[in-house]
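K.L.:
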Amino acid sequence: MAGPGRKIVHIREELHNKINLVALQENLRPSVLLEMILRDFIREKEFAAMKPDDKRRFTRKSVVLPAMVYESSEEPNVGRYFAATVYDISFGGICLAFPLERENKIEFLNARSEYEVICHLSDSGELSRFKCIPHYVARDDFTLKVGGSIVEASADSHDNLSQYLTQCHAGSVL
Numbered sequence: 001m002a003g004p005g006r007k008i009v010h011i012r013e014e015l016h017n018k019i020n021l022v023a024l025q026e027n028l029r030p031s032v033l034l035e036m037i038l039r040d041f042i043r044e045k046e047f048a049a050m051k052p053d054d055k056r057r058f059t060r061k062s063v064v065l066p067a068m069v070y071e072s073s074e075e076p077n078v079g080r081y082f083a084a085t086v087y088d089i090s091f092g093g094i095c096l097a098f099p100l101e102r103e104n105k106i107e108f109l110n111a112r113s114e115y116e117v118i119c120h121l122s123d124s125g126e127l128s129r130f131k132c133i134p135h136y137v138a139r140d141d142f143t144l145k146v147g148g149s150i151v152e153a154s155a156d157s158h159d160n161l162s163q164y165l166t167q168c169h170a171g172s173v174l
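Residue numbers (the working numbering): 1 to 174.
#1: What are the boundary residues of the alpha helix (DSSP H) that includes L24?
#2: Alpha carbon to alpha carbon, how far is S157 from C119?
#3: Considering only the beta carbon of each residue, do V146 and C95 sit closer than 9 angstroms?
#4: Mark F98 as exposed unless 16 or more other C-beta atoms lie within 10 angstroms of its C-beta, in which case mark it buried.
#5: With three or more beta-carbon pairs closer than 8 angstroms as the criterion, would you say the segment 57-66 touches the segment 133-147?
#6: Would you decide whether I8 is buried or exposed? Buried here means 16 or more other CB atoms lie within 10 Å of its CB.
#7: Could you tell me which residues DSSP pairs with K131 in its beta bridges?
#8: Taking the DSSP output, what are the residues bridged to D88?
#9: How is E126 classed by DSSP in three states: helix, strand or coil?
#10: Going by the beta-carbon positions, is the gap between L165 and T59 smaller than 9 angstroms?
#11: Classify F82 as helix, strand or coil using the three-state DSSP reduction.
#12: For the alpha helix (DSSP H) containing L121, name the first residue and the last one.
#13: Within the same chain, show all residues whose beta-carbon is closer than 6 angstroms to that of N160, passing over the 5 residues directly before and after it, in chain order.
#14: Quick one: what does DSSP say G171 is sitting in, helix, strand or coil?
#15: Got a sec, what are the start and stop residues for the alpha helix (DSSP H) E107 sits in?
#16: Enumerate in chain order the residues of its own chain whose CB-to-CB distance from I150 is below 8 angstroms, with the five nearest sequence positions on each side excluded.
#17: Rank N110, R102 and V86 by C-alpha distance to the C-alpha of E74 and give the top, closest one.
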């Protein structure tokens, strides 16, 4: 029975069983998992539906954060990690800085494919992970800057980013 503020959603039994299995694996209640999935889906759709000018409404925060970048390979379950620096960050995207020597070694730039940015946005020790798609590349005398849009992140990573940007805005982090 649905409680106050809750609604019943009818789904196929096969999908219900899969949700229960994933919830069990993630040590979550199925209703919590389903809310996370729906919240992430709605956030992505709302962002994708924005006009290009509106997407810039996310204020960028200049930061210097160590990060790891994961790029997958054409072979399944094969990829590589390498170090980067988060140069600026917003709800909509992340700009990374790399040494110029890495320019021809970053595969996701050549293929314009997804990559994952992994970093600590809090003192909790919890990693935040953001799948991104590259949109621009700029260079100066020392660094290669790669700006990308966030296309996927867990609810926890979104929450960590929200808290981090709120702290940055309040002036307590930077």
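Beta carbons: idealized from backbone N, C-alpha and C, even for Gly.
P.N.:
For this structure:
#1: E13 to E26
#2: 10 angstroms
#3: yes
#4: buried
#5: no
#6: exposed
#7: E116 and E152
#8: S62 and C95
#9: coil
#10: yes
#11: strand
#12: Per DSSP, L121 belongs to no alpha helix (DSSP H) and is neither H nor E.
#13: L121, S122 and S128
#14: Legend: pLDDT at G171 = 47, less than 50; position of this residue unreliable, no value from coordinates given.
#15: E107 to A111
#16: F91, G92, G93, I94, F130, K131 and C132
#17: N110
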